[in-house]
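There are 2 protein chains.
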Amino acid sequence: MKYFSAANFEKLQNIMYVKHAAKGDFLFREGDSADKLFYVRKGGVRITKLSESGRSFILYLHQEGDLFGQMDPFQDSLQSFSAEVTADCEIGVIQRKDLEVLLWQHGELAIEFMKWMGLMHRMTETKFRDLMMYGKPGALCSLLIRLSNSYGAPTGDHVRINYKISNAEMADMIGATRESVNRMLSDMKKEDAVDFHNGLITIKNPAYLRDICHCENCPLDICRM
Amino acid sequence: MKYFSAANFEKLQNIMYVKHAAKGDFLFREGDSADKLFYVRKGGVRITKLSESGRSFILYLHQEGDLFGQMDPFQDSLQSFSAEVTADCEIGVIQRKDLEVLLWQHGELAIEFMKWMGLMHRMTETKFRDLMMYGKPGALCSLLIRLSNSYGAPTGDHVRINYKISNAEMADMIGATRESVNRMLSDMKKEDAVDFHNGLITIKNPAYLRDICHCENCPLDICRM
DNA sequence: AAATGTGATCTAGATCACATTT
DNA sequence: AAATGTGATCTAGATCACATTT
Numbered sequence: 001m002k003y004f005s006a007a008n009f010e011k012l013q014n015i016m017y018v019k020h021a022a023k024g025d026f027l028f029r030e031g032d033s034a035d036k037l038f039y040v041r042k043g044g045v046r047i048t049k050l051s052e053s054g055r056s057f058i059l060y061l062h063q064e065g066d067l068f069g070q071m072d073p074f075q076d077s078l079q080s081f082s083a084e085v086t087a088d089c090e091i092g093v094i095q096r097k098d099l100e101v102l103l104w105q106h107g108e109l110a111i112e113f114m115k116w117m118g119l120m121h122r123m124t125e126t127k128f129r130d131l132m133m134y135g136k137p138g139a140l141c142s143l144l145i146r147l148s149n150s151y152g153a154p155t156g157d158h159v160r161i162n163y164k165i166s167n168a169e170m171a172d173m174i175g176a177t178r179e180s181v182n183r184m185l186s187d188m189k190k191e192d193a194v195d196f197h198n199g200l201i202t203i204k205n206p207a208y209l210r211d212i213c214h215c216e217n218c219p220l221d222i223c224r225m
Numbered sequence: 001m002k003y004f005s006a007a008n009f010e011k012l013q014n015i016m017y018v019k020h021a022a023k024g025d026f027l028f029r030e031g032d033s034a035d036k037l038f039y040v041r042k043g044g045v046r047i048t049k050l051s052e053s054g055r056s057f058i059l060y061l062h063q064e065g066d067l068f069g070q071m072d073p074f075q076d077s078l079q080s081f082s083a084e085v086t087a088d089c090e091i092g093v094i095q096r097k098d099l100e101v102l103l104w105q106h107g108e109l110a111i112e113f114m115k116w117m118g119l120m121h122r123m124t125e126t127k128f129r130d131l132m133m134y135g136k137p138g139a140l141c142s143l144l145i146r147l148s149n150s151y152g153a154p155t156g157d158h159v160r161i162n163y164k165i166s167n168a169e170m171a172d173m174i175g176a177t178r179e180s181v182n183r184m185l186s187d188m189k190k191e192d193a194v195d196f197h198n199g200l201i202t203i204k205n206p207a208y209l210r211d212i213c214h215c216e217n218c219p220l221d222i223c224r225m
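Residue numbers (UniProt numbering), protein chains in the order written: chain Y, 1 to 225; chain C, 1 to 225.
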């Protein structure tokens, strides 16, 4: 957990209890009580919103080391989204009440926690901007850059995204159809900007992608999934 | 400021200094240092993002009683958006450093502050969802509902939005063109769901709007501009 | 002068329908 | 069996061009 000092993270660890969940499980669904936070020790979680027509919109992908969950002023706060396990998980669950006591007691931790919250908010805001401003190609390029920042592993002078992803999943992340994603990716492959095999994508020309979404070189901690 | 107890808000007031700004001024622009928070004592502020092509995207409208600004872990945090004054302002400016000291000292205030941050984040997330999920009509209906929650005044059994707004401004809030907004509004007027004169909109049939954006009746504190 | 309204036309992206690949 | 690829067609919303209203 890079956003907290070792001492502060230890305090958080102390109020977590462990929960295991298998791929396909839901940690929570829309409308469930939002009285917990979740720290991903192992595995992956996808935060989604179902539309009336059966399609779904994917807001976040959380991986090992990510913390997520709501903090708000409501007594009986409800989840607006669902959390689906994408890879078998070991989760550290934090009760909001326990967290509040802890934060109340430790000012330094509270400050770090707030900065983490601010960071997450900026991540949401910039993603929002990226999906609104430069059409579906801009949205897809932003997505690829974020994926490569979150899951990228350098291979030679390219970056491979070590997260198996389908055209349909990408489509749900940018509010497009899988056919559109497919066509855009094919075009970008022709331009030698990306390459892909078996759901694994390699970024060959990041500058090409950055140009399309008018990337502003935000800090990497914000430009994530 | 409804999100803080009187005692805690007083503490915040004590570290504010007053700044006046006239309509059209910018409190900050994209790229400026983000080392302050802003409390709107009087007036209004619009948070925007300029696109390459000269159009702009409006993320938030802040009014009297709203607090805004970034808290994140960066030493030299930069603004991602601009803040344009829409009505002559009296602003309470808070230096982030001062705020940090205050929050460090007062656990109870820190907790309230975090809950406020969580609330703002949820507002962004739900707005994001509304603009992505049900096309431009869904986005416009969500916007009208949020405007009526933020600026609405009941007149008879209708709600009038006491904020003068043009079709172009609404378009910039939902990523559409002013022509599209105009046509959608005309249609809704025909359906007797809304009415408008001189930039002032009246909601005559909120249920009609809620249906189009698949409103989930979020708490009013989240469903705002 | 700036905002609104509205036809005519264009186009990005969705939808449909299959063939092909993994 | 599920994912990908790709033509053909459709449509929501953008763009263009003016007339009308505030």
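Where is the CB? At the ideal position from N, CA and C, for every residue including glycine.
Interface residues of chain Y facing residue 133 of chain C [CB-CB closer than 8 angstroms]: Working through the second sequence from its first residue, we reach residue 133 of chain C at position 133. 49, 51, 57 and 175, listed in chain order.
Does the Cβ of residue 42 of chain C have 16 or more other Cβ atoms within 10 Å, making it buried, or fewer, making it exposed? Translated into positions along the second sequence, residue 42 of chain C becomes position 42. By the neighbour-count rule (16 or more Cβ atoms within 10 Å), residue 42 of chain C is not buried but exposed.
Secondary structure, beta strand (DSSP E): runs of 3+ residues fully inside the UniProt domain "Cyclic nucleotide-binding" (1 to 103) of chain Y: 16 to 21, 26 to 28, 36 to 50, 56 to 63, 67 to 69 and 82 to 95
Beta-carbon gap between residue 69 of chain C and residue 36 of chain C smaller than 8 angstroms: As a first step, residue 69 of chain C must be located in the second sequence, where it is residue number 69. As a first step, residue 36 of chain C must be located in the second sequence, where it is residue number 36. In this structure, residue 36 of chain C lies closer than 8 angstroms to residue 69 of chain C by Cβ.
Length-filtered (4 minimum) alpha helix (DSSP H) runs lying within the UniProt domain "HTH crp-type" (134 to 207) of chain Y: 135 to 151, 167 to 174 and 178 to 190
May I ask you to list, following chain order, the residues of the stretch 31 to 42 of chain C that have a beta carbon less than 8 angstroms from some beta carbon of chain Y? none
Along chain C, in chain order, which residues have C-beta atoms closer than 8 angstroms to that of residue 118 of chain Y? Here the question's residue 118 of chain Y lines up with position 118 in the first sequence. 70, 71, 72, 73 and 117, listed in chain order.
Exposed or buried, residue 144 of chain C, counting other C-beta atoms within 10 Å across all chains shown (16 or more means buried)? Here the question's residue 144 of chain C lines up with position 144 in the second sequence. By the 10 Å Cβ count, residue 144 of chain C comes out buried.
I'd like to know if the stretch 25 to 33 of chain Y and the stretch 76 to 84 of chain Y are in contact, where contact means that at least 3 CB-CB pairs between them fall below 8 angstroms. yes
Residue 44 of chain C and residue 61 of chain C: beta carbons closer than 8 angstroms? Position 44 of the second sequence, counted from the first residue, corresponds to residue 44 of chain C. Position 61 of the second sequence, counted from the first residue, corresponds to residue 61 of chain C. Going by C-beta atoms, residue 44 of chain C is nearer than 8 angstroms to residue 61 of chain C.
Keeping to the same chain, check which residues put their C-beta closer than 7 angstroms to that of residue 225 of chain Y; ignore five residues upstream and five downstream. The residue you call residue 225 of chain Y lines up with position 225 of the first sequence. Excluding sequence neighbours, residue 225 of chain Y sits near 60, 61, 146, 147 and 150.
Going by beta-carbon coordinates alone, are residue 11 of chain Y and residue 109 of chain Y separated by less than 8 angstroms? Position 11 of the first sequence holds residue 11 of chain Y. Position 109 of the first sequence holds residue 109 of chain Y. The answer is yes: Cβ separation under 8 angstroms.
Helix or strand or just coil, what does DSSP make of residue 121 of chain C? Taking the first residue of the second sequence as 1, we reach residue 121 of chain C at position 121. In the structure shown, residue 121 of chain C sits in a helix (DSSP, three-state: H, G or I).
Would you say residue 105 of chain C lies against chain Y (beta-carbon separation less than 8 angstroms)? Locating residue 105 of chain C in the second sequence gives position 105, counting from the first residue. Closer than 8 angstroms: yes.
Residue 214 of chain C touches chain Y at which residues, Cβ-Cβ below 9 angstroms? By 1-based counting over the second sequence, the position of residue 214 of chain C is 214. Those are 51 and 52, listed as they occur along chain Y.
Buried or exposed for residue 18 of chain Y, please, with buried defined as at least 16 other CB atoms from any protein chain shown within 10 angstroms of its CB. One-based indexing of the first sequence puts residue 18 of chain Y at position 18. Result: exposed.
Count the other C-beta atoms from every protein chain shown that fall within 10 angstroms of the C-beta of residue 190 of chain Y, then say buried if there are 16 or more, exposed otherwise. For this step, residue 190 of chain Y is matched to residue 190 along the first sequence. The residue in question, residue 190 of chain Y, is exposed, as its Cβ has fewer than 16 Cβ neighbours within 10 Å.
To the nearest angstrom, report how far apart residue 6 of chain Y and residue 218 of chain Y are at their CA atoms. The residue given as residue 6 of chain Y occupies position 6 in the first sequence. The residue given as residue 218 of chain Y occupies position 218 in the first sequence. If you take the alpha carbons of residue 6 of chain Y and residue 218 of chain Y, they lie about 26 angstroms apart.
Does the separation of the CB atoms of residue 165 of chain C and residue 152 of chain C fall below 8 angstroms? Translated into the one-based positions of the second sequence, residue 165 of chain C becomes position 165. Translated into the one-based positions of the second sequence, residue 152 of chain C becomes position 152. Contact: no.
Does any residue of chain C bring its CB to less than 8 angstroms from the CB of residue 86 of chain Y? The residue you call residue 86 of chain Y lines up with position 86 of the first sequence. By this cut-off, residue 86 of chain Y is not an interface position.
List, in chain order, every chain Y residue whose beta-carbon is nearer than 8 angstroms to that of residue 114 of chain C. Mapped onto the second sequence, residue 114 of chain C falls at position 114. What residue 114 of chain C touches in chain Y: 71, 103, 110, 113, 114 and 117.
Which residue wins for smallest C-alpha separation from residue 200 of chain C, given the options C:128, C:34, C:169 and C:223? As a position in the second sequence, residue 200 of chain C is number 200, starting the count at 1. Taking only the C-alpha atoms, the option nearest residue 200 of chain C is C:169.
Hey, how far is the Cα of residue 179 of chain Y from the Cα of residue 51 of chain Y? Against the first sequence, residue 179 of chain Y aligns to sequence position 179. Against the first sequence, residue 51 of chain Y aligns to sequence position 51. So the alpha carbons of these two residues sit roughly 19 angstroms apart.
Within a Cβ cutoff of 7 angstroms, which residues of the same chain sit near residue 221 of chain C, ignoring the five residues on either side of it in sequence? Locating residue 221 of chain C in the second sequence gives position 221, counting from the first residue. Counting only Cβ-Cβ distances below 7 angstroms, and skipping sequence neighbours, we find 119.
Helix, strand or coil: which one does DSSP assign to residue 221 of chain C? Locating residue 221 of chain C in the second sequence gives position 221, where the first residue counts as 1. In the structure shown, residue 221 of chain C sits in coil (DSSP, three-state: anything other than H, G, I, E or B).
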